[in-house]
Amino acid sequence: MNLNNLISGSEKRYRKKLENFFTLKWGDTFLWSHGLDHHKRVWHYAKELLAASASVVAGRNKFSETNVSDEPGNIDTDKLIMACYLHDLGMAADKGTRHGYLSREFGRIFLDEERLKIHEFTDLLDALEFHDNKEYKNDPSTGNELLKILSVADDLDAFGYIGIYRFLEIYLARRIDASVIGSEILKNAAGRFRYFEINYRHYDELYKKHKKRYMILDDFFSCHARQNGKGANENALENNSGGITEFFSKINNIRCTPEDIRSQKYPFAGFNASLNSYLRGLESELTEFQKIIK
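Numbering-wise (the numbering used here), the sequence shown opens with residue 202 and increments by one.
Written as structure tokens, this is what we have:
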């Protein structure tokens, strides 16, 4: 069976169920960057990674008829869609590092509701628990292709203009000091990009696309780190990223989301040039994804 058919089958079986399950468990949690749309985008990126791999191994039966892995690199698309839609659900209860363990527990609940055998989904549960280990060193990840793809797909959603918002929201929620946010995010994002590069550098088109998105984020937070690093002479930077960080801190405090920013409540004309430029980039990415992930 070809990859498109496998993906289509998995979506028909589980997408609506997963979205309903997520919405119910997420409730009124206020963390836009890790809500349902984030999980939809991660699923989109996971499909993109599979498609790149499939194009390279065209002519070889990489994907099994039953969605069960039977050779190295073979992916169960049922498990993958579950992983993508459940991996950050634990943040409904804990926005910190423990959320992976809680996502695993939500995964067990979903499997129970679907009357699936837990012992056949150990790789899925491990992927849910350990996906946010950005040192990529956990023993349970050894040989777990599901975890690798989930981790990279999740990392890809941390790049670009959406990624800037995502990092700022979660780091502010974790009360990271604003003066070091830029440097901390740079380290985290660099590790994510290196892991993507190690695993997907040989897929040239895919690599170039996401390197460009990574550089948007890297440039932004490099400016932020310099603004908070040395002195007044280095504060006159083009994108005024520190001011953008302050702006998002304020709108989070009043529980506004990018959807609110895009509305008439916050017309672009009311912003300075640097913030206006960032918001237009964010608007463009969100509009593009709304077309893709409906």
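For every residue, glycine included, the Cβ atom is placed at its ideal position computed from N, Cα and C.
- Going by beta carbons, Leu357 and Ala284 fall outside the 8 Å limit.
- With distances taken between CA atoms, Leu303 lies nearest to Leu326 out of Leu326, Ile350, Ala359 and Val381.
- When rounded, the separation of the alpha-carbon atoms in Asn400 and Gly297 is 27 Å.
- Annotated as distal: His332 and Leu317, with beta-carbon spacing of 8 Å or more.
- Comparing alpha carbon positions, the residue from His320, Pro459 and Ala293 closest to Ile365 is Pro459.
- Under the three-state reduction of DSSP output, Ser380 falls in the coil class, being neither helix nor strand.
- Taking the C-beta atoms as reference points, Ile417 is found no nearer than 8 Å to His245.
- Per DSSP, the unbroken alpha helix (DSSP H) holding Leu369 starts and ends at Gly361 to Ala374.
- Within the same chain, and ignoring the five residues on either side of Val243 in sequence, the residues whose Cβ sits closer than 6 Å to its Cβ are Cys285, Ala354, Asp355 and Asp358.
- Sequence-distant Cβ neighbours of Phe394 in its own chain, meaning closer than 7 Å and more than five residues away, are Tyr415.
- Under the DSSP assignment, His300 falls in the alpha helix (DSSP H) whose first and last residues are His300 to Glu314.
- By the neighbour-count criterion, in which 16 or more other beta carbons inside 10 Å mark a residue as buried, Thr278 falls on the buried side.
- Exclusion of the five residues before and after Ala255 leaves Leu204 as the residues of its chain whose Cβ lies within less than 6 Å of its Cβ.
- The C-alpha of Lys413 lies about 41 Å from the C-alpha of Asp313.
- Per DSSP, Asn203 lies in no alpha helix (DSSP H) segment and is marked neither H nor E.
- Looking at Ile452, Ile276, Leu225 and Asp324, the one whose alpha-carbon comes closest to that of Gly291 is Leu225.
- The C-beta distance from Phe360 to His411 rounds to 6 Å, short enough to meet the 8 Å contact threshold.
- Residue environment analysis places Asp405 among the exposed positions, since fewer than 16 neighbouring C-beta atoms fall within 10 angstroms of its C-beta.
- Under the criterion of beta carbons closer than 8 Å, Leu369 and Thr446 qualify as touching, at roughly 6 Å.
- Put simply, the backbone Cα of Ser234 is about 12 Å away from that of Leu487.
- Within 10 angstroms of the beta-carbon of Ala474 lie fewer than 16 other beta-carbons, which makes it exposed.
- Short of 8 Å from the beta carbon of Ser423, and not among the five residues preceding or following it, lie these beta carbons of its own chain, in chain order: Gly383 and Leu387.
- The three-state secondary structure of Asn221, taken from DSSP, is helix.
- Classified as buried, Gly308 has 16 or more neighbouring CB atoms from the shown chains inside 10 Å of its CB.
- In this structure, Ile282 keeps its C-beta atom at 8 Å or more from the C-beta atom of Tyr362.
- For Cys457, no alpha helix (DSSP H) run applies, since DSSP gives it neither H nor E.
- As the crow flies, the alpha-carbon of Glu385 is around 32 Å from that of Lys280.
- If you check the CB distance, Ala379 and Asp419 do not come in under 8 Å.
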